[in-house]
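Residue numbers (UniProt numbering): 1 to 90.
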């Protein structure tokens, strides 16, 4: 399970860094750092949401599209792990 968590975290960090680079921004993206503090705008958050859906091959349920879930890499990681859990349990 640890390797799964690390993989999810690394993939999310890569997505965030990619969006920052598109905006010519650099930031130390840590799991607990607030994404808005790193420089992500509301439009970037939409791009991040779409990137997460594409990267992990699922559609984020409307109920999960909340500011709390998109606060940091950690909160995104928890949401993604929760969404992928039924698929891994099968």
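Ideal placement from N, C-alpha and C gives every residue a C-beta, glycine not left out.
Listed in chain order, the non-local C-beta contacts of residue 70 below 6 angstroms within the same chain comprise 45, local neighbours out to five positions each way being set aside. Restricting attention to 6, 7 and 16, the CA atom closest to the CA of residue 72 is found in 16.
When rounded, the separation of the alpha-carbon atoms in residue 48 and residue 83 is 16 angstroms. Excluding its 5 nearest sequence neighbours in each direction, residue 33 has C-beta neighbours in its own chain below 8 angstroms: 27, 72 and 73, listed in chain order. Excluding sequence positions up to five before and after residue 18, its CB lies within less than 8 angstroms of the CB of 51, all in the same chain and listed in chain order. Residue 72 carries a strand assignment under DSSP once its states are collapsed to helix, strand and coil.
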